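In the order they appear, the protein sequences are chains A and R.
Take the first sequence: its letter number 229 is residue 1405 in the numbering used here, and every next letter is one higher.
Take the second sequence: its letter number 268 is residue 278 in the numbering used here, and every next letter is one higher.
First the structure, in the form of structure tokens, and then the observations on it.
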Amino acid sequence: MDNKDNSSRITGLKASAREVREQIIEMIYRAQSGHPGGSLSVADIMTALYFDLAKIDPANPDWPQRDRIILSKGHACPAWYACLALRGYFPMEELSTLRRYKSILQGHPTAAKTPGLDATTGSLGMGMSMAVGAALEGRLTGSAYTVYLILGDGELNEGVVWEAAAAAHKYRLDNLVAVVDYNGLQLDGFTDEVMPMEPLGAKFKAFNWKVYSIDGHDMAEIVETLEQARDYQGKPVCIIADTVKGKGISYMENECGWHGRAPDRRQYQQALKEIRSAV
Amino acid sequence: MNLKQSDKATRRAFAERMTEYGDLDKEFVVFEADIGKSTYSYLFADKFPERYFNLGIAELNTVGAAAGMALGGRTVVACSYGVFITMRALEAVRSFICYPNLNVKFLSSHGGVTAAIDGVTHQATEDIAFMTTLPNMKVLVPADTQAARACFDLALATPGPVFVRLMRDPYYELYGEAENFSIGGSRVIRSGGDLTIVTYGDILFQALEAAEELAGEGISAEVIDMYSLKPFDQEGLLASIRKTGALLVAENHQRRNGLGYELSNFCLKNYPLPFENIGLNDTFAESGHYPDIIEAYGISREHIGRAARELLSRKQAGDRHD
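The following block contains the structure:
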């Protein structure tokens, strides 16, 4: 791809990310419930996957050869739902039913209810185990799909993440790409105060993973690194993506109070204004 | 009792059938958590190494990875001890296998105090409570090797999660090869008219011995092998208790929230009758030889016999509140 094409590709993805953010805010405002902070921090990564990198077919959600995308930090599902709706897996109107009785959009992701969801998640850490299983399944069936796993930084506290990290190495799962949404905050506070996990890259390296570090809001860098990770051979890959919790909404950024809280009307209007005016 | 002593535990019979079945069904895979030489899943590994995944001493990840492998519909048999599957990995079994209703089957060894000699950390005495409580889960407990083989076939043929509780040690052989087992089925092993004894797994043999002794005293006990705990055979149970008018449930499990609790609830709604339930009485067991432990913790044939006599005298005294 020449520079000009790539530049318009990135510009398009940034516009899609703004739409995703807008839908995240709309959804959580209407539901008056949900997790905006972590949805906004992961929005650019999810956009890069759903609008560009991942081999998917929204008209055929169960296509066996599709890439799998597992958002292990399931509370950030507004970002997942926004991507799926914008890509046409289900009508946009469904987004306004988030967390309601009989909605296809459960409070935490439920694969059986939502077209396009590859796994049920929400209990932290377990997405990593399931991604290992899904990658093993891909290998067993000889499918060339990649399993993209998005992990929260807080959920790395869970021991099962490291059980799964060891297993991914044992089976040399180079069809597994994990992205850590490293926003530095978890429900109770800063990750390095609640449970310090640094040096994080060194931990994954010690588990024999290939590790990249990127700016998780630099779309060009996200796309370029995801491509390298997808093509990397011989090892599972972890991309540690530095992000900002609440990214794009000034009053939410880096505020752990916005982990699981809905904006009021005034905050909602300001949020939309900020997203729409972002470059 | 004229039953043949068994030289093979149900855990081994189940794994042997799994290995044979590997040729019949080329799609299912087996996940193990480093006790393959104890669950006998190594037999499958030797024959089908490419379909066998040993995830190490990491039961939670083993269950989670089994869920990931099963997401697209593939059947996974996940092997470990009952304590680890049903307690360490309980939440993953619930949220990631039962909730999505995936085809994961559990080879769960060391059920109840059949691991008596190993002590409490290896005795799954609450597994039935946890597993029968989970929506979508079916629960089977084969009493002998033929039943174990049949339960493997049933587990694979039944959509969704199935939990099969297996035993550490051999007891007796009861069933022939041609026996018919089904999800929600049960078997009357001994007919009788004075009271019904419902049990499952190893305690079936204690119940049969007790029934033999009771017969010598002129008490005719019907003994039912309720090998399918969830769903259980409601019609079979009703047919028996309508005939006998008294029900004793004996199980190698905590009395609380075991099969007895389920059946007493059912009977209270549908057919109130004199009822007794023996199992571990809100206590942990301890290490020891199996006969000593089941005697000490109230689930041996002596305890079944005593409970049966008391129940019968209650029945005869008209202890029925309808």
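Built from N, CA and C at the ideal position, the CB exists for glycine as well.
Please read all numbers here as calculations on a predicted model, not as lab measurements.
CB Val1337 (chain A) to CB Glu1331 (chain A), shorter than 8 Å?
One-based indexing of the first sequence puts residue 1337 (chain A) at position 161. One-based indexing of the first sequence puts residue 1331 (chain A) at position 155. In this structure, Val1337 (chain A) places its C-beta atom within 8 Å of the C-beta atom of Glu1331 (chain A).
Within this structure, are the beta carbons of Lys18 (chain R) and Thr155 (chain R) separated by less than 8 Å?
As a position in the second sequence, residue 18 (chain R) is number 8, starting the count at 1. As a position in the second sequence, residue 155 (chain R) is number 145, starting the count at 1. A contact, by the Cβ cut-off of 8 Å.
Apply the 10 Å Cβ neighbour rule to Ala25 (chain R) and answer buried if 16 or more other Cβ atoms are within range, or exposed otherwise.
Within the second sequence, numbered from 1, the residue matching residue 25 (chain R) stands at position 15. Ala25 (chain R) comes out buried.
For Arg1452 (chain A), count the other beta carbons within 10 Å of its own beta carbon; 16 or more makes it buried, fewer makes it exposed. Which is it?
Here residue 1452 (chain A) refers to the residue found at position 276 of the first sequence. So Arg1452 (chain A) counts as exposed.
Mind pulling the chain R residues with CB within less than 9 Å of Pro1285 (chain A)?
For the purposes of this step, residue 1285 (chain A) is taken as the residue at position 109 of the first sequence. Think of a sphere of 9 Å around the beta carbon of Pro1285 (chain A): no beta carbon from chain R falls inside it, the nearest being about 11 Å out.
So which of A:Ile1425, A:Cys1432, A:Lys1346, A:Lys1180 has the shortest CA-CA distance to Gln1445 (chain A)?
Locating residue 1445 (chain A) in the first sequence gives position 269, counting from the first residue. Checked all of A:Ile1425, A:Cys1432, A:Lys1346, A:Lys1180; the closest Cα to Gln1445 (chain A) is A:Ile1425.
Terminal residues of the beta strand (DSSP E) in which Cys89 (chain R) lies
As a first step, residue 89 (chain R) must be located in the second sequence, where it is residue number 79. Per DSSP, Cys89 (chain R) belongs to the beta strand (DSSP E) from 86-91.
Output, in chain order, the set of chain R residues within a Cβ distance shorter than 9 Å of Ala1295 (chain A).
Translated into positions along the first sequence, residue 1295 (chain A) becomes position 119. Neighbours of Ala1295 (chain A) on chain R, chain order: Ala77, Gly78, Leu81, Phe106, Pro110.
The region 137-159 of chain R: positions lying closer than 7 Å to chain A by Cβ
Within the region 137-159 of chain R, no residue has a Cβ that lies closer than 7 Å to any Cβ of chain A.
Considering Cα atoms alone, identify which of R:Lys47, R:Ala77, R:Asn113 is closest to Tyr91 (chain R).
Within the second sequence, the letter at position 81 stands for residue 91 (chain R). Nearest option by C-alpha distance: R:Lys47.
Should the region 104-117 of chain R be called in touch with the region 72-90 of chain R, which here means at least 3 C-beta pairs below 8 Å?
Yes: the two stretches touch, three or more of their Cβ pairs being nearer than 8 Å.
Residues of chain A with CB under 7 Å from Phe63 (chain R), in chain order?
As a working mapping, residue 63 (chain R) is identified with position 53 in the second sequence. Residues of chain A passing the Cβ test: Leu1312.
Only counting runs of 4 or more residues, tell me where the alpha helix (DSSP H) segments fall wholly within the region 1232-1295 of chain A, in order along the chain.
Given a length threshold of 4 residues, each whole run of the alpha helix (DSSP H) inside the region 1232-1295 of chain A is given here in chain order: 1253-1262.
Would you kindly work out how many angstroms separate the C-alpha atoms of Asp1350 (chain A) and Arg1275 (chain A), rounded to a whole number?
Here residue 1350 (chain A) corresponds to residue number 174 of the first sequence, with the count starting at 1. Here residue 1275 (chain A) corresponds to residue number 99 of the first sequence, with the count starting at 1. Arg1275 (chain A) has its alpha-carbon roughly 36 Å from the corresponding atom of Asp1350 (chain A).
Closest by CA to Ala1341 (chain A), which one among A:Gln1199, A:Tyr1205, A:Phe1380, A:Gly1298?
Translated into the one-based positions of the first sequence, residue 1341 (chain A) becomes position 165. Answer by Cα proximity: A:Phe1380.
Below 8 Å, can you find three or more Cβ-Cβ pairs linking the region 199-217 of chain R to the region 244-262 of chain R?
Touching, per the Cβ criterion.
Against chain R, with Cβ distances strictly below 8 Å, would Leu1316 (chain A) count as a contact?
Start at 1 with the first residue of the first sequence, and residue 1316 (chain A) comes out as number 140. For Leu1316 (chain A), the answer is yes, since a Cβ of chain R falls inside 8 Å of its Cβ.
In the DSSP assignment, find the unbroken beta strand (DSSP E) run with Phe162 (chain R) in it and report its ends.
Here the question's residue 162 (chain R) lines up with position 152 in the second sequence. For Phe162 (chain R), there is no enclosing beta strand (DSSP E); the residue is part of the alpha helix (DSSP H) that begins and ends at 155-167.
Distance check for Arg1348 (chain A) and Glu1431 (chain A), CA to CA, integer angstroms please.
As a working mapping, residue 1431 (chain A) is identified with position 255 in the first sequence. As a working mapping, residue 1348 (chain A) is identified with position 172 in the first sequence. If you draw a straight line from the Cα of Glu1431 (chain A) to the Cα of Arg1348 (chain A), it is about 38 Å long.
List the residues that DSSP assigns as beta-bridge partners of Phe41 (chain R).
Translated into the one-based positions of the second sequence, residue 41 (chain R) becomes position 31. In the DSSP assignment, the residues bridged to Phe41 (chain R) are R:Phe63, R:Ala88.
Reference Asn1384 (chain A); option with closest CA among A:Val1413, A:Met1222, A:Glu1198
Locating residue 1384 (chain A) in the first sequence gives position 208, where the first residue counts as 1. Comparing Cα positions, the closest option is A:Val1413.
If you measure from the beta carbon of Val259 (chain R) to each beta carbon in chain A, is any gap under 8 Å?
Translated into the one-based positions of the second sequence, residue 259 (chain R) becomes position 249. Residue contact check for Val259 (chain R) against chain A: no CB pair falls below 8 Å.
Beta-carbon of Gly1309 (chain A) versus every beta-carbon of chain R: anything under 8 Å?
One-based indexing of the first sequence puts residue 1309 (chain A) at position 133. Gly1309 (chain A) counts as touching chain R.
At a threshold of 7 Å, does Leu290 (chain R) count as lining the ligand HEM (C-beta to nearest heavy atom)?
In the structure on display, the ligand HEM does not appear, and there are no ligands present to speak of.
Taking Cβ to Cβ, would you say Leu1225 (chain A) is nearer than 8 Å to Arg1197 (chain A)?
Your numbering for residue 1225 (chain A) matches position 49 in the first sequence. Your numbering for residue 1197 (chain A) matches position 21 in the first sequence. No. Outside cutoff.
Please report the straight-line C-alpha distance between Asn287 (chain R) and Ile199 (chain R), rounded to a whole angstrom.
Position 277 of the second sequence, counting from 1, holds the residue named residue 287 (chain R). Position 189 of the second sequence, counting from 1, holds the residue named residue 199 (chain R). Straight through space, the alpha carbons of Ile199 (chain R) and Asn287 (chain R) are spaced by roughly 19 Å.
Between Met1373 (chain A) and chain R, is there a C-beta pair that is closer than 8 Å?
In the first sequence, residue 1373 (chain A) corresponds to position 197, counting from 1. With 8 Å as the cut-off, Met1373 (chain A) does not count as an interface residue toward chain R.
Identify the contact partners of Val39 (chain R) in chain A, using a Cβ-Cβ distance below 8 Å as the criterion.
Here residue 39 (chain R) corresponds to residue number 29 of the second sequence, with the count starting at 1. Going along chain A in sequence order, the residues near Val39 (chain R) (Cβ under 8 Å) are Leu1316.
Is Ser1248 (chain A) close to chain R? Criterion is C-beta to C-beta, closer than 8 Å.
Residue mapping note: residue 1248 (chain A) aligns to position 72 of the first sequence, counting from 1. No, its Cβ sits nowhere closer than 8 Å to a Cβ of chain R.
What's the gap between the Cα of Ala1454 (chain A) and the Cα of Val1399 (chain A)?
The residue you call residue 1454 (chain A) lines up with position 278 of the first sequence. The residue you call residue 1399 (chain A) lines up with position 223 of the first sequence. Cα-Cα distance, rounded: 20 Å.
Outcome for Lys240 (chain R) when other beta-carbon atoms lying within 10 angstroms are tallied against a minimum of 16
For the purposes of this step, residue 240 (chain R) is identified with residue 230 of the second sequence, where counting begins at 1. Buried, by the Cβ-count rule.
Could you tell me the alpha carbon to alpha carbon distance between Ala1438 (chain A) and Met1222 (chain A), rounded to whole angstroms?
To locate residue 1438 (chain A), count along the first sequence from 1; it is residue 262. To locate residue 1222 (chain A), count along the first sequence from 1; it is residue 46. Going from the Cα of Ala1438 (chain A) to the Cα of Met1222 (chain A) covers about 21 Å.
Exposed or buried, which one is Arg21 (chain R) when buried takes at least 16 other CB atoms within 10 Å?
Position 11 of the second sequence, counted from the first residue, corresponds to residue 21 (chain R). Arg21 (chain R) counts as buried, since at least 16 other C-beta atoms from the protein chains shown sit within 10 angstroms of its C-beta.
Give the secondary structure of Ala1354 (chain A) by DSSP, where H, G and I count as helix, E and B as strand, and everything else as coil.
The residue you call residue 1354 (chain A) lines up with position 178 of the first sequence. Ala1354 (chain A): strand per DSSP, three-state reduction.
When Cβ atoms are compared, which residues of the region 1326-1343 of chain A fall closer than 8 Å to chain R?
Here the close residues are Gly1335, Val1336, Glu1339, Ala1340, Ala1342, Ala1343.
How big is the Cα-Cα spacing for Phe173 (chain R) and Gly1392 (chain A)?
As a position in the second sequence, residue 173 (chain R) is number 163, starting the count at 1. As a position in the first sequence, residue 1392 (chain A) is number 216, starting the count at 1. Near 43 Å, if we compare the C-alpha coordinates of Gly1392 (chain A) and Phe173 (chain R).
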